[in-house]
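Scroll down for the structure; my scribbles are underneath it.
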């Protein structure tokens with residue numbers, strides 16, 4: 035064990051090992067942060083993409099930071115709610131009608147200094163009343179002083195007004211796309227309009243017919259960029275899958291690598307020590323398993339039995355135990371078994387399990403560690419590959435699931451960020467463990483140091 039500690043202390047002599055450790059530490063820290071700030075149940079609810087959780091997000095919007103590298107500034111998403119009284123973009127005038135019912139006016143004010151038009155505008159209403167639903171009137175004021183009457187209508191307890199779906203407003207726009215018509219410079223070419231930059235105001239008046247009526251409204255503008263990771267075709271924020279994909283990938287890779295490596299080593303040690311039929315049985319199982327199509331079996335399990343990540347993880351470990359590692363460890367244990375200290379332990383009456391776990395296995399652990407570290411990214415890539423094939427756990431937001439969804443909806447539409455972001459994280463994970471693993475291989479195998 036002292037030799038093992040001395041060898042591990044040499045890690046800091048290798049810059050690649052230090053860099054790999056730092057990268058792994060950052061991935062672990064990101065995993066811990068994700069699990070604390072976004073609990074599992076909340077993450078699953080958000081990722082299922084219900085209207086209540088994604089209505090503020092635009093569809094297929096690249097990350098907001100892409101504006102930094104573009105001369106054409108794309109609009110970012112925006113939301114202003116009457117429930118947020120501290121929002122400086124909101125002005126509220128409370129009043130009462132002649133009958134004593136609420137008659138309120140709300141001004142949603144925002145600056146629009148982008149070069150392109152937004153995806154869509156919508157106002158979401160939530161109201162409470164007994165019998166008579168409230169009435170809403172909306173006006174649109176532009177930076178040049180012109181105004182557009184949007185619409186007048188009654189609202190239900192849950193109601194969404196989408197500007198682009200108003201046929202009357204469409205006729206007032208004289209055939210121009212509604213979103214473009216609201217933001218277009220009147221002096222620009224109607225066939226190729228440009229944005230009129232400046233301050234816009236949406237005036238929203240609510241008239242109630244019952245004294246206890248309450249109306250909460252929220253103006254949502256769906257932009258062309260959103261957040262630091264962008265969105266998918268279901269309005270889901272991709273950052274959630276990137277964040278939660280990190281602990282899932284590390285968990286799968288580490289558990290599979292540790293479970294496979296440790297069990298392989300223990301089984302090989304047991305076979306060598308007991309020999310005879312036990313060793314022969316282990317070798318026959320290994321030889322049969324070596325010719326089985328590993329990936330095909332996992333695909334069959336995911337297709338016909340279960341796509342649960344725990345089922346796939348268990349099957350992966352079970353199929354990875356009896357591999358070539360059994361024969362490699364067997365050859366090493368055969369040499370260790372003939373050592374004089376093993377004979378001395380037998381002479382003093384040490385039991386079989388004590389010899390296996392305290393004398394045989396500790397001698398091989400230094401050789402196990404580099405291989406264990408190097409096998410982690412292989413299992414991470416395996417989980418992502420199964421997800422890309424459509425065999426990932428459907429309830430989990432993972433890197434592979436992102437790539438699988440992108441393959442169907444993004445590749446032919448130019449949404450490359452959707453694929454590149456999880457792919458880059460997969461590469462970073464692989465590089466981090468590879469840098470550490472190769473350095474450990476040099477530390478525990480001195481013959482490699484001069485190469």
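Numbering (my numbering), first residue to last: 35 to 485. Just so it is clear, CB atoms sit at the ideal spot from N, CA and C, and this is done for glycine as well.
For the alpha helix (DSSP H) that residue 474 lies in, which residues bound it at each end? Here the question's residue 474 lines up with position 440 in the chain shown. Taken as a continuous stretch (DSSP letters only), the alpha helix (DSSP H) holding residue 474 covers 451 to 478.
Which residues mark the beginning and the end of the beta strand (DSSP E) in which residue 174 is found? Indexing the chain shown from 1 puts residue 174 at position 140. Here the beta strand (DSSP E) through residue 174 covers 169 to 175.
Could you tell me if residue 407 is buried or exposed, where buried requires 16 or more neighbouring beta carbons within 10 angstroms of its beta carbon? Reading the chain shown from its first residue, position 373 is the one you call residue 407. Residue 407 is buried by the Cβ-count criterion.
Apart from the five residues on each side of it in sequence, which residues of its chain come closer than 6 Å, Cβ to Cβ, to residue 125? The sequence position of residue 125 within the chain shown is 91, counting from 1. Excluding positions up to five away in sequence, the list reads 141.
Which residues share a DSSP beta bridge with residue 159? Stepping through the chain shown from its first residue, residue 159 is reached at position 125. DSSP lists 193 and 251 as partners of residue 159.
Taking buried to mean at least 16 other C-beta atoms within 10 Å of its own C-beta, is residue 444 buried or exposed? For the purposes of this step, residue 444 is identified with residue 410 of the chain shown, where counting begins at 1. Answer is buried; the Cβ neighbour count reaches 16.
Residue from 189, 466 and 366 whose Cα sits closest to the Cα of residue 411: On the chain shown, position 377 is the one that residue 411 refers to. Out of 189, 466 and 366, 466 has the C-alpha closest to the C-alpha of residue 411.
Taking only three categories from DSSP, how would you classify residue 431? As a position in the chain shown, residue 431 is number 397, starting the count at 1. Three-state DSSP puts residue 431 in coil, outside helix and strand.
Can you give me the C-alpha to C-alpha distance between residue 451 and residue 57, rounded to a whole angstrom? For the purposes of this step, residue 451 is taken as residue 417 along the chain shown, with counting starting at 1. For the purposes of this step, residue 57 is taken as residue 23 along the chain shown, with counting starting at 1. C-alpha separation (whole angstroms): 22 Å.
Cutting at 6 Å between CB atoms, please list the residues of its own chain near residue 440, excluding the five before and the five after it. If you number the chain shown from 1, residue 440 lands on position 406. Taken in chain order, the residues that qualify are 452 and 453.
Per DSSP, which one or two residues make a beta bridge with residue 82? Reading the chain shown from its first residue, position 48 is the one you call residue 82. Paired residue(s): none; residue 82 is not in a bridge.
Using CA atoms only, rank isn't needed, just tell me which of 85, 76, 115 and 49 is closest to residue 250. Here residue 250 corresponds to residue number 216 of the chain shown, with the count starting at 1. The option with the nearest alpha carbon to residue 250 is 115.
With three or more C-beta pairs closer than 8 Å as the rule, is the segment 93 to 108 touching the segment 259 to 276? yes
Under the three-state reduction of DSSP, which class applies to residue 88: helix, strand or coil? The residue given as residue 88 occupies position 54 in the chain shown. Note: residue 88 maps to helix in three-state DSSP.
Endpoints, the alpha helix (DSSP H) within which residue 363 is located: Taking the chain shown and counting its residues from 1, the one referred to as residue 363 is at position 329. Where residue 363 is concerned, the enclosing alpha helix (DSSP H) stretches over 358 to 371.
Check the DSSP bridge columns for residue 181 and list the partner residues they point to. On the chain shown, position 147 is the one that residue 181 refers to. According to DSSP, residue 181 bridges with 175.
When the Cα of residue 377 is compared with those of 457, 156 and 307, which residue comes out closest? Stepping through the chain shown from its first residue, residue 377 is reached at position 343. Checking every option, the nearest Cα to that of residue 377 belongs to 307.
Taking only three categories from DSSP, how would you classify residue 98? Reading the chain shown from its first residue, position 64 is the one you call residue 98. Reduced to three states, the DSSP call for residue 98 is helix.
What does DSSP give as the partner residue(s) for residue 280 in the beta ladder? Working through the chain shown from its first residue, we reach residue 280 at position 246. DSSP lists no partner for residue 280.
I'd like to know whether the C-beta atoms of residue 207 and residue 224 end up nearer to each other than 8 Å. One-based indexing of the chain shown puts residue 207 at position 173. One-based indexing of the chain shown puts residue 224 at position 190. Taking 8 Å as the Cβ cut-off, residue 207 and residue 224 do not qualify as a contacting pair.
With C-beta atoms as the reference, is residue 50 less than 8 Å away from residue 469? Position 16 of the chain shown, counted from the first residue, corresponds to residue 50. Position 435 of the chain shown, counted from the first residue, corresponds to residue 469. Contact flag set, yes.
Do you know offhand how far residue 243's Cα is from residue 135's? The residue you call residue 243 lines up with position 209 of the chain shown. The residue you call residue 135 lines up with position 101 of the chain shown. Cα-Cα distance, rounded: 6 Å.
Look up residue 141 in the DSSP assignment and say whether it is helix, strand or coil. To locate residue 141, count along the chain shown from 1; it is residue 107. In the structure shown, residue 141 sits in a strand (DSSP, three-state: E or B).
Whole-number beta carbon distance between residue 401 and residue 478, since they are thought to touch under 8 Å: As a position in the chain shown, residue 478 is number 444, starting the count at 1. As a position in the chain shown, residue 401 is number 367, starting the count at 1. Yes, residue 478 and residue 401 are in contact; Cβ-Cβ is about 6 Å, under 8 Å.
Which of the three DSSP states, helix, strand or coil, is assigned to residue 236? Stepping through the chain shown from its first residue, residue 236 is reached at position 202. Three-state DSSP puts residue 236 in a strand.
Going by DSSP in three states, residue 287 sits in which element: helix, strand or coil? Taking the first residue of the chain shown as 1, we reach residue 287 at position 253. The answer is helix: DSSP assigns residue 287 an H, G or I state.
Is the segment 346 to 353 close to the segment 374 to 392, with three or more CB pairs under 8 Å? no
Residue 127 classed as buried or exposed, judged by whether at least 16 other C-beta atoms fall within 10 angstroms: Numbered from its first residue, the chain shown carries residue 127 at position 93. With fewer than 16 Cβ atoms within 10 Å of its Cβ, residue 127 is classed as exposed.
Mind the definition here: the segment 413 to 428 touches the segment 324 to 337 only if three or more C-beta pairs lie below 8 Å; say whether that holds. yes
Taking all protein chains shown into account, decide if residue 158 is buried (16 or more other Cβ within 10 angstroms of its Cβ) or exposed. The residue given as residue 158 occupies position 124 in the chain shown. With 16 or more Cβ atoms within 10 Å of its Cβ, residue 158 is classed as buried.
Quick one: grab the DSSP three-state call for residue 188. The sequence position of residue 188 within the chain shown is 154, counting from 1. DSSP places residue 188 in strand when its eight states are reduced to three.
Tell me the rounded alpha-carbon separation between residue 66 and residue 275. Here the question's residue 66 lines up with position 32 in the chain shown. Here the question's residue 275 lines up with position 241 in the chain shown. In a straight line, the C-alpha of residue 66 is about 15 Å away from that of residue 275.
Tell me the rounded alpha-carbon separation between residue 110 and residue 178. Taking the chain shown and counting its residues from 1, one reaches residue 110 at position 76. Taking the chain shown and counting its residues from 1, one reaches residue 178 at position 144. Distance between the alpha carbons of residue 110 and residue 178 is about 22 Å.
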